[in-house]
Amino acid sequence: MTDYNLFSKAPEGDLYTKWENYKESLKTLTPEEANNYKIIIIGTGLAGASASATLAEKGFNVHAFSFHESPRRAHSIAAQGGINAAKNYKNDGDSVMRLFYDTIKGGDFRSREDNVYRLAEISKNIIDQCVAQGVPFAREYGGLLDNRSFGGVQVSRTFYARGQTGQQLLLGAYSALSRQMENKKVTFYPRHDMLDIVVVDGKAKGIVTRDLISGEVKTHSADTVILATGGYSNVYYLSTNAMASNVTANWRAHRKGALFANPSFTQIHPTCIPVKNDFQSKLTLMSESLRNDGRVWVPKKKNEQRKPIDIPEEDRDYYLERIYPAFGNLVPRDVASRRAKEVCDEGRGIGPTGFAVYLDFQKAIEEKGEDFIREKYGNLFDMYQNITDENPYQTPMKIYPAVHYTMGGLWVDYNLMTTINGLFSIGESNFSDHGANRLGASALMQGLADGYFVVPHTAMDFLAKEKPLKKDITDRAEFKEAEEKTKKEISKLMSIDGNFAVDEIHRELGKVVWDEIGMARNEAGLKHALSEIPKIKQKFWSNISIPGSEKDINQELEKALRIKDFIELAELMAFDALDRKESCGAHFREEYQTEENEAERNDIEYKYVSAWDYSENEQPKLFKEELKYKNVKLKTRSYK
Amino acid sequence: MNINLKVWRQKSGENKGLLKTYRLENIDPNISFLEMLDILNIKLVKEKNDPVAFDHDCREGICGSCGFMINGRPHGPQKATTVCQLHMRAFNNEDDIILEPFRAKSFPVIKDLSVNRKAFDKIISSGGYVSTNTGEAPEANSTIIEKENADEAFLSSACIGCGACVAACKNSSAMLFTSAKVSHLSLLPQGKEEGKDRVTKMVATMDSEGFGACTNTGACSAECPKEIGQINIARLNQEYILSSLFSFLKSRK
Amino acid sequence: MQNLITILTSSVGRKILMAITGLSLALFMAFHLFGNLFLFVGEAAFNSYVEKLHKLGFLIRIAEFFLVLFVMSHAYSGILLWIKNRKAKKVISSYSKGNTSGAAKYAAFTGSVVFIFLATHWSTFWYKFNFDLQGMSYYYVVTESSVGFGSPIVSIFYIVAIALLGYHLKHGIASAGQTLGVVGTKYESIYNNISAIFWFWIPLGFISIPIWFGFIVRVI
Chain A
8 MTDYNLFSKA
18 PEGDLYTKWE
28 NYKESLKTLT
38 PEEANNYKII
48 IIGTGLAGAS
58 ASATLAEKGF
68 NVHAFSFHES
78 PRRAHSIAAQ
88 GGINAAKNYK
98 NDGDSVMRLF
108 YDTIKGGDFR
118 SREDNVYRLA
128 EISKNIIDQC
138 VAQGVPFARE
148 YGGLLDNRSF
158 GGVQVSRTFY
168 ARGQTGQQLL
178 LGAYSALSRQ
188 MENKKVTFYP
198 RHDMLDIVVV
208 DGKAKGIVTR
218 DLISGEVKTH
228 SADTVILATG
238 GYSNVYYLST
248 NAMASNVTAN
258 WRAHRKGALF
268 ANPSFTQIHP
278 TCIPVKNDFQ
288 SKLTLMSESL
298 RNDGRVWVPK
308 KKNEQRKPID
318 IPEEDRDYYL
328 ERIYPAFGNL
338 VPRDVASRRA
348 KEVCDEGRGI
358 GPTGFAVYLD
368 FQKAIEEKGE
378 DFIREKYGNL
388 FDMYQNITDE
398 NPYQTPMKIY
408 PAVHYTMGGL
418 WVDYNLMTTI
428 NGLFSIGESN
438 FSDHGANRLG
448 ASALMQGLAD
458 GYFVVPHTAM
468 DFLAKEKPLK
478 KDITDRAEFK
488 EAEEKTKKEI
498 SKLMSIDGNF
508 AVDEIHRELG
518 KVVWDEIGMA
528 RNEAGLKHAL
538 SEIPKIKQKF
548 WSNISIPGSE
558 KDINQELEKA
568 LRIKDFIELA
578 ELMAFDALDR
588 KESCGAHFRE
598 EYQTEENEAE
608 RNDIEYKYVS
618 AWDYSENEQP
628 KLFKEELKYK
638 NVKLKTRSYK
Chain B
19 MNINLKVWRQ
29 KSGENKGLLK
39 TYRLENIDPN
49 ISFLEMLDIL
59 NIKLVKEKND
69 PVAFDHDCRE
79 GICGSCGFMI
89 NGRPHGPQKA
99 TTVCQLHMRA
109 FNNEDDIILE
119 PFRAKSFPVI
129 KDLSVNRKAF
139 DKIISSGGYV
149 STNTGEAPEA
159 NSTIIEKENA
169 DEAFLSSACI
179 GCGACVAACK
189 NSSAMLFTSA
199 KVSHLSLLPQ
209 GKEEGKDRVT
219 KMVATMDSEG
229 FGACTNTGAC
239 SAECPKEIGQ
249 INIARLNQEY
259 ILSSLFSFLK
269 SRK
Chain C
1322 MQNLITILTS
1332 SVGRKILMAI
1342 TGLSLALFMA
1352 FHLFGNLFLF
1362 VGEAAFNSYV
1372 EKLHKLGFLI
1382 RIAEFFLVLF
1392 VMSHAYSGIL
1402 LWIKNRKAKK
1412 VISSYSKGNT
1422 SGAAKYAAFT
1432 GSVVFIFLAT
1442 HWSTFWYKFN
1452 FDLQGMSYYY
1462 VVTESSVGFG
1472 SPIVSIFYIV
1482 AIALLGYHLK
1492 HGIASAGQTL
1502 GVVGTKYESI
1512 YNNISAIFWF
1522 WIPLGFISIP
1532 IWFGFIVRVI
């Protein structure tokens, strides 16, 4: 087993000029030189598409893989609310420093200063870039860009396109990618699952894929590999992620030596449509922006039977406004989610399951008019009504938290390189910028920052120091071996021939993960999870059924290959949550809380990034990256 | 509720397909249409039968993956709704529900209800972008865009590329899809510069990909889950006429 | 020039061609009806109107040349697009419930009927007027002869064909407005108002003639 001395490789020096200076020190290649190199990019969501396009513009030959039929289907498309940028267009005192600080504080001081500052700095360029591509952001009547405020901050710095910001940004990145496809600089492989990383002489030099239509397992070699494969919320079975979002590419890289950082930092979004029944396949998020005008409440007494409109003001508990007078309904996601769980656990939850709270627009409609609300949230209201059959203009919405984003991911250094030399990880798939909790409208920002403005520089620097392969090396033993291993695994899965559909096992796994590694965790629960997950694993490997053939389109096999990795990941999440004997951000350990039920952080013992090394038969091994805060003071987060 | 499904089963593009009947009982009317198909598939898997292949991903009506014909209509009976947002309450007890893939020469069937919509990507890559490299952009607010135009451009770019327009069209024309992108970009100053070139290239790709011609029947907009309007087609035509005139004048020089 | 040809032979280019030729033909119809209405003024008026036209001689031939050219290119583009569209739609589901209006769905069919009508119209009226008058007056050819409304079969075919032409124009003119990019501009409502004249009132004007001379006059 390798020993890792985790070091971010961020250069020393002044925080404010660090990235600019560093960028200048990086090696560059001319487009003619770059043409000698081939880059494999897995995933073509915001991060992957933007990185593919930008690297192709620089002259590299990009081979982009996605399990989707088109880059435009990536789940980045579903982001609703917006994208942050420190433009200070509203002149409300915003600045790069402020965005940096908000992000560090929002992440509960578990993210890396240098990365976060760079993110805040780049945020401005992203907006410029997207506008130049024709992204139709919302505008004011004067024709300038409009902003709104978003959970966890007190300035308006969020750029948006109605409730479809992610869609518009992804379509922008997709158009840039399409342009490079037309220029023949990007080759796109649709409907391909990445099933392994190939490491040659200590460097990532290729991948193993399965063509989802023909079932063909194939290897591809390149000078470097970039993973832009998103998050793993689907380990919970029910999440707001798309059905096919998965951890497989990351997990396979992890098994090959990429450390997995902070796996238990998973974000629970406070405003989702509650679960209705057992057949539910996914949860739908209602944009956090709704909390700008909606007020969250539950009845004061338990088992309230009256309809919400019949409950008078004095019998309502606007608990967020009560507990957090300064931020009110706009507290960060982790706080809003946990408080919702708390009131529901007290028995004051509403709806048929008792796991829901009201989000009420009555006051906003009275004060600002229904038209104003319709203009701002019309599509969200329509969506809600379509799903629930209730009209939110007349009766308050019912909401409940749901898993939405994963802060954890592959450990990367300042260059976004993982612990496998030559393997990069960008966007949600890495761990780097959000610490223990992500602020609203920061995911799109990070995906595009990594893809457009960071990895093109750092990957080029890496390649400039590498001799180009210039030829296909998939005939090497490492490739053959990886291909064989993958094929064997597939035949093993196909041969099980048991009694359960893969989805049933997944649902079972999700329940354990949600109950024990969800919004609140404790030692007993985590240990319980660690004893349950191996049973699920056993059941999976002995009793699933995959009809059809592996040499054909087989959606059950695709699922099985993903669930297999989710099961292993779930175990790691439990180990990670168990190790972190503190509460920070989204990681709330019930044993470690203040008298006011707020998270109790332990900066003396746990001010580190947990990076886990995979081990086939033993417990995973923990490596720590100490976090150093030179520019911000560690404070207890307070939103009161 | 109980329903009788007639589902198009086709092993692959090369094989012939046929409608097969499945009966589902005690379906909760509040589940979504795709959740109903999940139930059918779990049942099929447990009986060791091949489950029905269909494309789907976000289940929020935005990724554009899902889409097939339900009783002859793309995305089913509900206006402005993708299949994934359709709920069983839109049907009645003991209804017969016929599921077929989108039918068009340019959308070959992959399996069952899943079709290949690669032709859409080709249309976009032939011109559906602004030619700007990363890092070249000027300060965002240096371009002032009338709110009205920005809002119109947004409505056009809200297209999710699901292909319902092609399936609804008696000619399998991709005009609504193509025109939505042309409109989006030509309404904005950033996209105007390349406008003339873009529209001719995208139309040429649309033709060469085998889509039919638009005969202005309006069926596409009527079935579009994102309500992309006919005005986009008019805008494409305007651009196209300007482009022809421009090219005519240039050829005279 | 090559570029321009490519542009005009694309599906959209052909549509533009169809729109321009179609609208020109619709304008011609208005002019044609203006002449036909002299029938109601009286025999002398109608005959002298036709005489006057004939005196234009060379100019009329040029106009007729363009008329035929427009009809042909309209039909030619229409047929090419129809073939392309048939190819594009692989299988039409027997369960498909179209959202398409009848006028749009049957445009190709109504167009074909109109084309047949035009062919007979030319080989009878036009031919007689120009080369085979046999001492009859123009008025007589129209109102009494066996190629005119003296024959109930001709009258009925004429009425049906013109009605279908109106139906063809109902879709055609709206479609041309879309193709020429009028929709969505400030001229849209004016255009729509005028279009009713062409697809409803003008065909009605044409139909009134066989109804009056072919049936009503005979009964009275």
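Residue numbers (the working numbering), protein chains in the order written: chain A, 8 to 647; chain B, 19 to 271; chain C, 1322 to 1541. We put the beta carbon where it would ideally sit given N, CA and C, even for glycine.
What three-state label does DSSP hand residue i in the structure shown?
{"i": "A:Ile204", "result": "strand"}
{"i": "A:Ala6", "result": "Lying outside 8 to 647, the shown extent of chain A, residue 6 of chain A is not represented and no answer is given."}
{"i": "A:Glu523", "result": "helix"}
{"i": "B:Asp215", "result": "helix"}
{"i": "A:Thr413", "result": "strand"}
{"i": "A:Val232", "result": "strand"}
{"i": "A:Tyr267", "result": "It should be noted that the sequence gives Phe, not Tyr, for residue 267 of chain A. Strand at A:Phe267."}
{"i": "B:Ser50", "result": "strand"}
{"i": "B:Lys38", "result": "strand"}
{"i": "B:Arg135", "result": "coil"}
{"i": "A:Ile275", "result": "strand"}
{"i": "A:Ile540", "result": "helix"}
{"i": "A:Trp418", "result": "coil"}
{"i": "A:Arg164", "result": "strand"}
Pull up the distance between the alpha-carbon of residue i and that of residue j, whole angstroms please.
{"i": "A:Leu585", "j": "A:Val103", "result": "35 Å"}
{"i": "B:Ile283", "j": "A:Phe286", "result": "Because chain B in this structure spans residues 19 to 271, residue 283 of chain B falls outside the shown range and cannot be described."}
{"i": "A:Phe116", "j": "A:Val364", "result": "29 Å"}
{"i": "A:Asp440", "j": "B:Cys102", "result": "33 Å"}
{"i": "A:Asp218", "j": "B:Gly79", "result": "26 Å"}
{"i": "B:Ile259", "j": "C:Lys1336", "result": "11 Å"}
{"i": "A:Phe630", "j": "B:Ser50", "result": "44 Å"}
{"i": "B:Thr39", "j": "B:Asp130", "result": "13 Å"}
{"i": "C:Ala1425", "j": "B:Leu205", "result": "29 Å"}
{"i": "A:Asn398", "j": "B:Glu43", "result": "29 Å"}
{"i": "A:Thr165", "j": "A:Lys131", "result": "11 Å"}
{"i": "A:Glu565", "j": "A:Ile551", "result": "13 Å"}
How would you list, in chain order, the residues of chain A whose beta-carbon sits under 9 Å from the beta-carbon of residue i?
{"i": "B:Phe172", "result": "Pro143, Phe144, Ala145, Ala168, Arg169, Gln171 and Gln175"}
Chain B partners of residue i, CB-CB under 8 Å?
{"i": "C:Ala1495", "result": "Asn234"}
{"i": "C:Lys1426", "result": "Lys188 and Thr235"}
{"i": "A:Ser552", "result": "Val63, Lys64 and Lys66"}
Can you name the residues that DSSP bridges to residue i?
{"i": "A:Phe507", "result": "A:Ile551"}
{"i": "A:Asn428", "result": "A:Lys210"}
{"i": "A:Asp21", "result": "Note: A:Asp21 sits in no beta bridge, so no partner."}
{"i": "B:Asn176", "result": "Checking the sequence, you will find Ala at residue 176 of chain B rather than Asn. In DSSP, B:Ala176 forms no bridge with anything."}
{"i": "B:Glu118", "result": "B:Met87"}
Kindly list, in the order they appear in chain A, the residues whose Cβ is closer than 8 Å to that of residue i.
{"i": "B:Glu43", "result": "Those within 8 Å of B:Glu43 in chain A number zero; the least Cβ separation is about 14 Å."}
Using a Cβ cut-off of 9 Å, pull out every chain B residue sitting near residue i, in sequence order please.
{"i": "A:Gln453", "result": "Chain B residues near A:Gln453: none, gap ~16 Å exceeds 9 Å."}
{"i": "A:Lys283", "result": "Asp46, Asn48 and Ile49"}
Which residues of chain C have a Cβ atom closer than 8 Å to the Cβ of residue i, listed in chain order?
{"i": "B:Lys123", "result": "Lys1408, Ala1409, Lys1410 and Lys1411"}
So, under 8 Å CB-CB, residue i and residue j are touching, yes? Tell me the CB distance rounded to an integer number of Å.
{"i": "C:Leu1358", "j": "C:Gly1526", "result": "7 Å"}
{"i": "A:Gly52", "j": "A:Ala71", "result": "Not really, about 11 Å apart at Cβ, beyond 8 Å."}
{"i": "A:Leu297", "j": "A:Leu387", "result": "6 Å"}
{"i": "A:Glu435", "j": "A:Gly237", "result": "5 Å"}
{"i": "B:Ser261", "j": "B:Lys214", "result": "4 Å"}
If the cut is a Cβ gap below 7 Å, which residues of chain B does residue i touch?
{"i": "A:Leu648", "result": "There is no way to answer for residue 648 of chain A, as the model of chain A reaches only from 8 to 647."}
List the residues of chain C that residue i touches, going by C-beta distances under 7 Å, in chain order.
{"i": "B:Gly230", "result": "Lys1405, Asn1406, Ala1409 and Lys1410"}
Anything in chain C within Cβ reach of residue i, meaning under 9 Å, just list it in chain order.
{"i": "B:Asn151", "result": "Result: empty, since nearest Cβ-Cβ is about 27 Å, beyond 9 Å."}
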